[in-house]
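Structure record follows, encoded as structure tokens.
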Amino acid sequence: MNKDYLKSKKDILITIIVIILLISAFLGIKKYVFVSKSIVVPESSVLNFDENIQKGINYSSKGDSASAIESYKAASEVSPSDYVPYSNLGSIYFSQKKFPEAETAFLKALELKKNNVSVYTKLYEVYAYGMKKDFQQMNTFFTKAMKDTENDVNMIKLYASYLEEMNKLELALPIWQGLLKVEPDNVLYKAKIETLHNKIQG
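Mind the numbering: the sequence shown is residues 1 to 202 in my numbering, read in order.
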């Protein structure tokens, strides 16, 4: 059989395959466009992560908590591995006194970024002022928080302040003294230590 003939047949076959693929792709696109036009997509779901977060912040500042929650949830769907939407959701639920929902949101945020001091501080407020957990439960909370944040100084100060609120002054004093050893010129630490000394002795 003529080699040129075979080559020609092969070229025709390749051309036909390419045309079939192009037609299939075109029909697939047309089908997708048709379906897309027939579906009403909520505005928040077509925005990117940053836009949804900003919309949530804007709604929240206007007091529109429902829309803010929708925007933060949409952001979490766009980027499920980011802790920010859950942290912001927790703040809204806390302001609404929905403490179990706030706890769930903050725990999810910490699951995604366990060393976040800001989220731990918010969760502290839920436990201490919202759910009013007892001293043992709060100690368990602080033990985990210290471990996850690698003894962050702000968590240490928060724990010392909590002990003061609970009138555990003898426990709070050595913590402030320890902080002063790290920052010997810190005027605030010195004043705090003096105040605690006076309260304990007085």
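We put the CB at the ideal spot given by N, CA and C, even for glycine.
For L169, the closest alpha carbon among the candidates N198, T149, L123 is that of N198. The criterion of a C-beta distance shorter than 9 Å is not satisfied by L180 and T121.
A distance below 7 Å between beta-carbons, with the five flanking residues on each side excluded, links K190 to the following residues of its chain, in chain order: L180. Per DSSP, P174 is one residue of the alpha helix (DSSP H) stretching across 169 to 182. Nearest to D64 by alpha-carbon distance, out of V119, S95, E111, is S95.
Inside the segment 68 to 134, DSSP marks whole alpha helix (DSSP H) runs of 4 or more residues at positions 84 to 95, 99 to 112, 117 to 125, from first to last along the chain. Out of Y127, Q54, S79, V78, the CA that lies nearest to the CA of A102 is found in Y127.
Counted as a single uninterrupted DSSP element, the alpha helix (DSSP H) harbouring E194 occupies residues 187 to 201.
Taking S118 as reference, the option from K97, Y86, F99 with the minimal CA-CA separation is Y86.
Between the alpha carbons of F106 and K132 lies a distance of about 16 Å. The beta carbon of L112 sits closer than 8 Å to those of S81, D82, Y83, Y86, all from its chain and outside the five residues before and after it, given in chain order. For the pair L89 and I57, the CB atoms are not nearer than the 9 Å cut-off. Note that the C-beta distance between A172 and S161 is below 9 Å. Shown here, D64 sits in coil according to DSSP, grouped into three states, outside any helix or strand. Looking from the CA of F135, the closest CA among L163, T149, T104 belongs to L163. Cβ neighbours of G202 within its own chain (closer than 8 Å, five residues either side excluded): none. In the three-state reduction of the DSSP assignment, N139 falls in the helix class. Around the Cβ of Y72, a 10 Å sphere holds 16 or more other Cβ atoms; the residue is buried. A distance below 6 Å between beta-carbons, with the five flanking residues on each side excluded, links A75 to the following residues of its chain, in chain order: F49, N52, I53, P85. Annotation for M155: the continuous alpha helix (DSSP H) segment containing it runs 153 to 165.
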